Amino acid sequence: MVSRVIPVDPFDLVIFGATGDLANRKIFPGLYRRFQAGQMPMEARLIGAARSDMSCEEFRAHIRKSIDEFVHENKRDPKMIDDFIARLDYVPVDARGTDGWDDLKTKIDNTHITAFYFSVAPALFGDIAERLVSYGISDSESRIVVEKPFGRDLASAEKLNATLAEFFDEGQIYRIDHYLGKETVQNLMALRFANILFEPLWNSQYIDHVQITVAETVGVGGRGSYYDKSGAMRDMIQNHLMQLLCMIAMEPPYHFDPDAVRDEKVKVIRALQPVPAHDIVRGQYLGYHREGYDEPMPGYLEDCEDPNSKTESYIAMKVNIANWRWTNTPFYLRTGKRLRARTSEIAVFFKEPPHSIFDDSESDVNWKANQLVIRLQPNEGMNLKMMIKEPGPGGMRLVQVPLDMSFAEALGEGGADMPDAYERLIMDVIRGNQTLFMRGDEVEAAWAWTDPIINGWEERGDKPKPYDSGTTGPEDALMLMHRDGRRWRHVK
Ligand code: NAP
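In this note's numbering, the protein residues as written are 5 to 496.
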């Protein structure tokens, strides 16, 4: 099956921060892939903007390098790359000054859809928004795309929302959480709302608990001092894991429409219970000496260059949702750096059948319950663990087997060609579809739930527990589950 490419209308996309890391690794390589897929109309224009004083030719050479580095070699077609590069333009612009803005205005064709990607520090969002309007570059149909972090607490998120609202309507603001652009996350909605199979069971009567895991093998590396100002709670739980939780927990929206979907997500976030300190485990990774390497790998405290840091590189927590559907079905979230495997997945643990007609002594009683595992990475797909009879004579022995679906395999060529999250989201901006972007009230609701947790740590001076690199995190995280008679899924 080959993926269908739906063309979009002519557009001008300005990328502020075009010389930065995100633009180089994700945005321009993603735009190249959409160009190669034939989705970009001939008239589309891609304009980079940043302070660096470079010519258009220099900028093109810079992006050519990004494509060489970050686009898979199977997708690097020299002719296509030349054609794509020829589309690029560049304007030196200072977000905080007057330089470049008149120039930028001359580049924009207001008969096109206009979109402005703010791939810069959030402190510059207001400056750019203000200048886009005051220089008459944007109009009431323009879209702006803003990156995370969207605030570091409720007060700063409210302030940022208020600043953007001075210049743009909510319907023009696209707050990116790239997790929402992942194929599997969208497939969660198809799984739940395009099939009759799961929805009747999708509640606390049939679901014992849900585990959401986002594990990384890398540490914070050179970003240590930056990361230290946020930590796993702000960097991952408040946004990415929260979005995944919403997709699992939300009620069916009346329509697959941006506000209908986002209304349901906000209701979930507002129903999240405060989390007591004993339901949270925080950790910091320790250094280690990797076999074959002369230098030891630094621990978190060395990476962040603050021996007294109380910021967590790992968090595991139990979250309860106070509504009819989910009361008594906890959601366990965990995420961290320098863990054993790089994995993102959601595992839905169903309850055991109410009565077993089989002889428990003959079957593996621990694993009777069905599990639905939705993998975000690696190898996006789904896996439903079912009980069957073990083949062969000699009684009714039960075993659990996976019904496994890898999207790339199931969808053949079309699956392998799946656009990455950034590509999909940028094209949604051009199409004017906000379904996969966070609304202002959603972000604020998430901070309103997160703030008291973080404030509690700060008031008590809580220090994260050390954990060995390459493991599954602190021992206490295992206890969080064992205490409830459950255990974390083994992730590979
Ligand atoms: P970065 O590498 O530091 O790049 C920042 C960009 O902003 C550069 O192009 C810089 O270019 C430009 N810039 C800085 N000051 C400016 C000014 N006054 N006027 C105009 N341009 C200015 O940052 P990044 O990692 O790409 O991150 C960009 C945004 O994405 C941030 O909000 C970040 O939190 C978010 N984000 C990044 C990642 C990631 O993987 N990198 C992931 C998620 C979210 P000049 O110095 O030439 O002006």
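Glycine residues also receive a C-beta, built at the ideal position from the N, C-alpha and C atoms. Note that the structure is a prediction, hence the values are computed from the model and not measured.
What residues in its chain sit with their C-beta under 7 Å from that of residue i, if we drop five residues either side in the sequence?
| i | result |
| --- | --- |
| Glu-309 | Gly-228, Ser-229 |
| Tyr-210 | Phe-354, Lys-355 |
| Asp-445 | Val-270 |
| Val-218 | Met-240, His-244, Leu-245, Thr-339, Ser-348 |
| Pro-456 | Pro-278 |
| Ala-264 | Pro-257, Tyr-258 |
| Trp-451 | Gly-155, Asp-157, Leu-158, Ala-161, Gln-242 |
| Ile-10 | none |
| Val-433 | Ala-119, Arg-147, Val-149, Tyr-178 |
| Gly-460 | Ala-281 |
Is residue i near the ligand NAP, in the sense that its beta carbon is under 7 Å from a heavy atom of that ligand?
| i | result |
| --- | --- |
| Val-75 | no |
| Tyr-95 | Here the sequence assigns Val to residue 95, which means Tyr is not the residue at that position. No - the ligand NAP has no heavy atom lying nearer than 7 Å to the Cβ of Val-95. |
| Ala-27 | yes |
| Gly-226 | no |
| Gly-24 | yes |
| Ala-194 | no |
| Ser-56 | yes |
| Phe-154 | no |
| Ala-450 | no |
| Phe-63 | no |
| Phe-353 | no |
| Arg-100 | yes |
| Leu-184 | no |
| Leu-128 | yes |
| Val-124 | yes |
| Glu-151 | yes |
| Phe-20 | yes |
Spatial neighbours of residue i within its chain, please: C-beta separation below 8 Å, excluding the five flanking residues on both sides.
| i | result |
| --- | --- |
| Pro-514 | Nothing in the structure corresponds to residue 514, since the chain is present only between 5 and 496. |
| Asp-81 | Gln-40 |
| Arg-100 | Leu-128, Asp-131 |
| Asp-143 | Asn-114, Thr-118 |
| Asp-87 | Phe-39 |
| Met-84 | Tyr-36, Phe-39, Gln-40 |
| Gly-223 | Tyr-289, Met-301, Pro-302, Tyr-304, Asp-307, Ser-317, Lys-341, Arg-342, Ser-473 |
| Gly-34 | Pro-423, Asp-424, Tyr-426, Glu-427, Ile-430 |
| Leu-108 | Val-18, Ile-51, Ala-53, Val-95, Val-97, Tyr-139, Ile-141 |
| Lys-372 | Glu-356, Pro-357, Ser-360, Met-391, Leu-402, Gln-404 |
| Trp-330 | Asn-207, Ser-208, Ala-253, Ala-275, Asn-324 |
| Gln-43 | Val-9, Ile-10, Pro-11, Val-12, Met-431 |
Run through the DSSP bridge pairs and tell me what residue i is partnered with.
| i | result |
| --- | --- |
| Met-321 | Ile-284, Leu-337 |
| Lys-389 | Gln-375, Pro-406 |
| Ser-348 | Val-218, Gln-381 |
| Leu-343 | Thr-475 |
| Leu-108 | None, per the DSSP bridge assignment. |
| Phe-172 | Paired residues: none, contrary to the question. |
| Val-18 | Ile-51, Phe-120 |
| Tyr-292 | Met-301 |
| Tyr-178 | Val-149 |
| Asp-87 | Answer by DSSP bridge pairing: none, since Asp-87 is not bridged. |
| Phe-411 | Bridge partners of Phe-411: none, in fact. |
Taking 8 Å as the threshold (beta carbon to beta carbon), is residue i in contact with chain C?
| i | result |
| --- | --- |
| Gly-474 | The question asks about chain C, but that chain is absent: this structure has only one protein chain. |
Rounded to whole angstroms, how far is the Cβ of residue i from the Cβ of residue j, which I believe are closer than 8 Å?
| i | j | result |
| --- | --- | --- |
| Lys-314 | Pro-468 | 7 Å |
| Thr-333 | Asp-488 | The pair is not a contact, with the Cβ atoms about 12 Å apart (cut-off 8 Å). |
| Tyr-178 | Ile-216 | Not quite, the Cβ-Cβ distance comes to about 24 Å (not below 8 Å), so this is no contact. |
| Leu-484 | Val-285 | 6 Å |
| Pro-470 | Gly-287 | 7 Å |
| Met-390 | Val-405 | 6 Å |
Leaving out the 5 sequence neighbours to the left and right, which residues in its chain are closer than 6 Å to residue i when beta-carbon positions are compared?
| i | result |
| --- | --- |
| Pro-300 | Gly-291, His-293 |
| Pro-262 | Gln-438, Thr-439 |
| Arg-493 | Gln-215, Ala-351 |
| Val-124 | Phe-20, Gly-21 |
| Ala-27 | Ile-19, Gly-21, Ser-123 |
| Thr-23 | Ala-54, Ser-56 |
| Val-403 | Glu-394 |
| Ile-89 | Arg-64, Arg-68 |
| Tyr-121 | Ile-19, Val-149 |
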